[in-house]
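K.L.:
Counting in my numbering, the sequence shown runs from 53 upward without gaps.
Using N, Cα and C, we set each Cβ at its ideal position, and we do this for glycine too.
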Amino acid sequence: MNGQIASISSRKCAQISRIMVGYLQISRVAAMLSLILCGCTVTDLRAADRSPSRALEAAEQLHRSGENLDPVVSHLQQLLRHDDPLVKAGAALYVGHALFARDRIDDALEIWTRHAHGEGVRESRWGISLSLAMAQGRHRQGNAQDALVILDDLISVRAAEVHTDMVRAADLAGRIHAEHNQSERARRAWRWAIAYARRHFSDPAAEGLDMAAIRRALRDLDTTPSTADAVFSQAERQRGRERWTAAQKLYEQIVEEYPHSQHVPASRWAIGVCMMGAGRLQEAATHWRSFIDEDPSGPWRGSAMISLGDLALEHRLRIREAKHFYRQAQDLFEGGAEGAPGWDRIAYALYQRLGLLAYLEADRDAAIAWFERASRRGAPQLHEPGDGSGPVESAMDLLIGSLRDGNDLTPEVVRRTSNGGAILCLLGDVYGTTHELDQATRMYRRVIAAAKEQPEDDAVSESAAVAPTTTQIAWAHRGLGNIHYVSFEFNQAQEHYAAAIAIAPRAPWADDLLIRRGVVAYSCQSQPEEALAHYRRVLREYPRGDQVETATYFIAVLHHWEGHFDAAERLYRDFLRRYPRSTYAESVRHYHLAELKRDRAQADKQQAAELGP
53 MNGQIASISS
63 RKCAQISRIM
73 VGYLQISRVA
83 AMLSLILCGC
93 TVTDLRAADR
103 SPSRALEAAE
113 QLHRSGENLD
123 PVVSHLQQLL
133 RHDDPLVKAG
143 AALYVGHALF
153 ARDRIDDALE
163 IWTRHAHGEG
173 VRESRWGISL
183 SLAMAQGRHR
193 QGNAQDALVI
203 LDDLISVRAA
213 EVHTDMVRAA
223 DLAGRIHAEH
233 NQSERARRAW
243 RWAIAYARRH
253 FSDPAAEGLD
263 MAAIRRALRD
273 LDTTPSTADA
283 VFSQAERQRG
293 RERWTAAQKL
303 YEQIVEEYPH
313 SQHVPASRWA
323 IGVCMMGAGR
333 LQEAATHWRS
343 FIDEDPSGPW
353 RGSAMISLGD
363 LALEHRLRIR
373 EAKHFYRQAQ
383 DLFEGGAEGA
393 PGWDRIAYAL
403 YQRLGLLAYL
413 EADRDAAIAW
423 FERASRRGAP
433 QLHEPGDGSG
443 PVESAMDLLI
453 GSLRDGNDLT
463 PEVVRRTSNG
473 GAILCLLGDV
483 YGTTHELDQA
493 TRMYRRVIAA
503 AKEQPEDDAV
513 SESAAVAPTT
523 TQIAWAHRGL
533 GNIHYVSFEF
543 NQAQEHYAAA
553 IAIAPRAPWA
563 DDLLIRRGVV
573 AYSCQSQPEE
583 ALAHYRRVLR
593 EYPRGDQVET
603 ATYFIAVLHH
613 WEGHFDAAER
623 LYRDFLRRYP
633 RSTYAESVRH
643 YHLAELKRDR
653 AQADKQQAAE
663 LGP
C-alpha cells in the first residue's frame with residue numbers, strides 16, 4: 053500500500069554500516085618470513101639481494117636487542133629499491149630507526165612517511181611498525197597531537213597480521229593521553245592494549261611486552277575524567293542542540309585552558325561553526341582563514357577549507373567562490389595529504405561537495421564521477437544486512453544510479469527560475485538523498501524562512517538572493533515532510549505536506565502528496581477516516597492527474613481492511629472495470645478478491661459464534 057513512499061522509508065530502514073570486504077593477502081615476503089629460522093646474524097644482511105626477508109629478519113633482531121643498526125644501513129638501503137613495497141617498507145623502518153638513534157628525527161620521519169603508504173603496506177606488519185615509529189617520532193618532537201592522530205588511526209585499522217607493535221601503539225597512546233591529563237582516553241587505550249594482548253598472545257612477556265607496567269599505569273590513574281574531555285563533550289552536546297553561544301564559549305575554554313589537548317584543533321574549527329550557526333558569517337570566514345594560516349598541515353585545515361566552501365555555497369549562494377575553497381582542499385588532499393592519518397574522514401565530504409557543484413552546474417557526468425569517488429571514501433557500495441535478503445545499495449549508490457538513469461532529484465518547475473531558492477532546493481534534495489538530513493533540513497528551512505521575513509546583519513543579502521518562488525517554497529515543505537516522515541515524526545510530516553499542497557495546489561506533485569498523507573494517516577497514525585478523505589480529495593480535485601488510479605485502489609483496500617466487505621467488493625470490481633491493465637489489477641484479481649472472500653467468511657463465522665445457538 054505504501055509503494056508511493058517506499059523511496060522515503062527505505063532510506064530510514066536501510067542503515068548502511070561499514071563491512072570488511074576481505075583481508076589483505078600475505079605477500080611473498082610475509083610468507084617467506086614465516087619460514088625463517090632463528091639465529092640470523094648481521095652477516096645474513098649481505099644476502100639482501102638473494103633473500104630480502106632474511107635480511108629484514110636479521111635487522112629486526114638487531115633492533116629488538118638494542119644493537120646499533122649503522123653497520124647494516126647500507127645493506128638495508130639496497131632493499132629500498134626493491135620491487136615489492138613490503139620489502140621497501142621493512143627496509144625503511146630500520147633505516148629510519150638508525151637515523152632516529154642519531155637524533156636525525158626529521159630524516160627518519162621523512163623516510164618512514166614516504167614508504168608507509170605503498171600498496172598493501174598499511175595493514176601489514178610493516179605498516180603497523182612504521183605507524184608506531186612515526187608516532188614515536190612526532191612524540192619525540194613534542195607534537196603530541198600528530199602522534200595521537202597516527203596512533204588512533206593505527207588502532208582503528210583491522211590489520212591482516214597480529215603484531216606486538218599494536219600493543220606498543222596503544223600503550224604509547226595511553227601515556228600521551230595521561231601526560232595531557234586525558235585520563236579517560238588513557239584508560240581506553242591501555243584497556244585496549246591489555247585486551248589485544250590477552251586475545252593474541254599466550255605469553256606476552258615472551259613477546260617482549262611488559263603488560264605489568266601497563267596494568268600499573270592503569271591502576272595509578274585517578275578516577276576523575278579529564279577536564280578537557282568533559283568540556284569538549286559538553287561543547288559538542290551544546291552544538292548539537294544549536295546552542296551556538298554556549299558551545300562557542302566551551303570550545304574557547306578548551307583552546308585557552310588546555311592548549312596541549314588533542315581537542316584543540318577540532319575546537320578551533322568548531323568555533324567557526326558556532327559563529328556561522330549564530331549568523332555571524334563574516335566572523336566565521338575570518339576565523340577559518342586564520343585557522344588555515346596557523347595550521348598549515350593538519351587535517352583540520354582541510355575541514356576549514358570545506359567549511360569556507362559551505363559558507364559560500366549554502367549561505368552566500370556563490371558557486372564560483374565555493375568551488376575555489378573546495379578545490380583548495382582537493383589540491384591539499386591530493387597533493388600529498390592523501391593517505392595521511394586523519395584525512396580519510398574528510399575525503400567523503402570533499403568529493404561529495406565537488407559532486408554537488410557539478411550537479412548544480414548541470415554537468416551530470418562530472419557529478420556522477422565525483423559522487424562515485426565519494427562513495428569509495430564513505431559507505432561501501434553494497435551492504436549485506438545479514439538477514440539473507442541480499443545486498444542493499446548505499447544511499448550514495450542509489451543517487452548515482454538515479455543520475456545514470458537520467459532522473460533528476462529536483463523537478464524542472466523548481467529549477468527553471470535560476471535563483472538562490474533553486475540552489476537551496478537542489479542542495480536539499482541531494483543531501484536528503486544521501487542521508488545528510490540535518491543539512492537537507494537547513495536548506496529547506498532557509499527557503500521557507502526567506503519567504504517569511506528578512507533576517508538581520510549578514511543574512512539580509514543572502515535572504516534577498518534566495519528570493520524563492522511559490523513553487524520552490526512548496527517543494528521545500530515537501531522535502532521537510534519527507535525528512536520528518538523518515539524520522540518517524542508523522543504529525544510534523546503531515547503539517548509540511550499540507551502546507552506544500554496549500555501553497556501550490558496545482559504543482560505536479562500535489563496529488564502525490566495527498567496519497568502520501570493518506571498512507572501516513574492510515575499506516576502510521578491509525579486514522580482511516582482521514583486517509584479516506586485524502587484519497588477522495590485526489591479524485592475530486594485532480595481527476596486528470598496520474599494518482600487517480602492509485603487513489604481508487606487505496607479506497608477499495610481501505611474499505612476491505614476496515615471490514616466494509618460489500619463496499620470493498622463493489623469497489624474492487626469497479627476498479628477492474630475502469631483499469632483492467634493497471635499495475636494493481638493483478639493483485640485485485642488474484643489476491644484481494646480471494647482474501648475478501650476468506651475475510652467475509654471468517655467474519656460471518658465469528659458473528660454466528662457470538663450470537664450462539
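(1) For ALA550, which of ILE567, ALA653, GLN491 has the nearest alpha-carbon?
(2) Write down every uninterrupted run of the beta strand (DSSP E) in the region 298-323 whose length is 3 residues or greater and which is fully enclosed by it, in chain order.
(3) How many angstroms separate the CA atom of GLU288 from the CA atom of ASP490?
(4) Tell me the rounded alpha-carbon separation between ILE420 and ILE452.
(5) Please confirm if the region 566-582 is in contact with the region 538-550, defined as three or more CB-CB distances below 8 Å between the two stretches.
(6) Are there 16 or more other CB atoms within 10 angstroms of the CB of ARG467, so buried, or fewer, so exposed?
(7) For TRP352, which residues in the same chain have their Cβ closer than 6 Å to its Cβ, ignoring the five residues on either side in sequence?
(8) What is the DSSP secondary structure of ALA653, reduced to helix, strand or coil?
(9) Would ASP281 be called buried (16 or more neighbouring beta carbons within 10 Å of its own) or exposed?
(10) May I have the straight-line CA-CA distance separating VAL51 from THR485, to the nearest angstrom?
(11) Report the three-state DSSP secondary structure of GLY172 (helix, strand or coil).
(12) Give, in chain order, every unbroken run of the alpha helix (DSSP H) that is at least 4 residues long and sits entirely within the region 577-651.
(13) Report yes if the C-beta distance between TYR587 and PHE606 is below 8 Å; otherwise report no.
(14) Looking at the secondary structure, which residues open and close the alpha helix (DSSP H) in which HIS167 lies?
(15) Is HIS215 buried or exposed, if buried means 16 or more other CB atoms sit within 10 Å of its CB?
(16) For THR486, name the three-state secondary structure that DSSP assigns.
(17) Tell me whether the beta-carbon of LEU261 lies closer than 8 Å to the beta-carbon of ALA225.
(18) Hey, PRO104 and LEU132: beta-carbon distance below 8 Å or not?
(19) Does DSSP put GLY331 in a helix, a strand or coil?
(20) Measure from the alpha carbon of GLY331 to the alpha carbon of each residue in ARG368, MET448, ASP217, then state which is nearest.
(21) Tell me the DSSP secondary structure of LEU363 in three-state form.
(22) Are LEU402 and ILE371 close, meaning C-beta to C-beta below 8 Å?
(23) Given a threshold of 16 other Cβ atoms within 10 Å of its Cβ, counted over all protein chains shown, does HIS642 qualify as buried or as exposed?
(24) Smallest Cα separation from TRP164: which of GLN197, GLN129, ASP135, GLY194?
(25) Residues in the same chain with beta-carbon distance under 8 Å from ALA222, minus the five sequence neighbours each way, listed in chain order, please.
(26) Roughly how far, in whole angstroms, is the beta-carbon of THR493 from the beta-carbon of ILE535, given that I think they are within contact range, below 8 Å?
(27) Apart from the five residues just before and just after GLN658, which ones in its own chain have a Cβ nearer than 8 Å to its Cβ?
(28) Using alpha carbons as the reference points, say which of TYR483, ILE344, ASN471 lies closest to ALA502.
(29) Tell me which residue opens and which closes the alpha helix (DSSP H) that SER254 is part of.
(30) Hey, quick one: how far does the alpha helix (DSSP H) through GLY260 stretch, first residue to last?
(31) Which class does GLU213 belong to by DSSP, given the choice of helix, strand or coil?
(32) Pick helix, strand or coil for ASP417, following the three-state DSSP scheme.
(33) Note the first and the last residue of the continuous alpha helix (DSSP H) segment covering GLN188.
(34) Output the distance between the C-alpha atoms of VAL325 and THR338, rounded to the nearest integer angstrom.
(35) Compare the Cα-Cα distances from VAL518 to each of GLY531, LYS504, ARG530 and report the closest residue.
(36) Please work out which residues of its chain come closer than 6 Å, Cβ to Cβ, to TYR574, disregarding the five sequence neighbours upstream and downstream, and give them in chain order.
P.N.:
Looking at the coordinates:
(1) Nearest in C-alpha terms to ALA550, of all of ILE567, ALA653, GLN491, is ILE567.
(2) Within the region 298-323, no complete beta strand (DSSP E) run reaches 3 residues.
(3) For GLU288 and ASP490, the distance between alpha carbons rounds to 15 Å.
(4) Cα-Cα distance, rounded: 6 Å.
(5) Counting Cβ pairs under 8 Å, three or more are found: they touch.
(6) By the neighbour-count criterion, in which 16 or more other beta carbons inside 10 Å mark a residue as buried, ARG467 falls on the buried side.
(7) For TRP352, where only same-chain residues beyond five positions count, the Cβ hits under 6 Å are PRO317, TRP321.
(8) In this structure, ALA653 counts as helix in the three-state DSSP scheme.
(9) Buried, by the Cβ-count rule.
(10) Residue 51 is absent from the model: the chain starts at 53 and stops at 665.
(11) DSSP places GLY172 in coil when its eight states are reduced to three.
(12) Within the region 577-651, the complete alpha helix (DSSP H) runs of at least 4 residues are 580-593, 600-613, 617-630.
(13) Taking 8 Å as the Cβ cut-off, TYR587 and PHE606 qualify as a contacting pair.
(14) Here the alpha helix (DSSP H) through HIS167 covers 157-167.
(15) Looking at its Cβ environment, which holds 16 or more other Cβ atoms inside 10 Å, HIS215 is buried.
(16) If DSSP states are grouped into helix, strand and coil, THR486 belongs with coil.
(17) Here LEU261 is not near ALA225, since their CB atoms are 8 Å or more apart.
(18) In this structure, PRO104 sits away from LEU132, with a CB-CB distance that is not shorter than 8 Å.
(19) In the three-state scheme derived from DSSP, where H, G and I count as helix and E and B as strand, GLY331 is classed as coil.
(20) Ranking ARG368, MET448, ASP217 by CA distance to the CA of GLY331 puts ARG368 first.
(21) Helix at LEU363.
(22) No. Outside cutoff.
(23) Burial call: exposed.
(24) Answer by Cα proximity: GLN129.
(25) Spatial neighbours of ALA222 in its own chain (CB-CB distance under 8 Å, excluding positions within 5 residues in sequence) are listed in chain order as LEU203, ILE207, ALA241, TRP242, TRP244, ALA245, TYR248.
(26) 6 Å between Cβ atoms; contact.
(27) Closer than 8 Å at Cβ, skipping near neighbours: no residue.
(28) Taking ALA502 as reference, the option from TYR483, ILE344, ASN471 with the minimal CA-CA separation is ASN471.
(29) Run containing SER254: none; DSSP gives neither H nor E here.
(30) Looking at the DSSP string, GLY260 is not in any alpha helix (DSSP H), and its letter there is neither H nor E.
(31) In the structure shown, GLU213 falls within a coil segment according to DSSP collapsed to helix, strand and coil.
(32) In the structure shown, ASP417 falls within a helical segment according to DSSP collapsed to helix, strand and coil.
(33) Start and end: 177-192.
(34) Using only the alpha carbons, I get a separation of about 12 Å.
(35) Looking at the Cα atoms, LYS504 is the closest of the given residues.
(36) Cβ-Cβ distances below 6 Å link TYR574 to PRO580, ALA583 in the same chain, with the five nearest sequence neighbours on each side left out; the list follows chain order.
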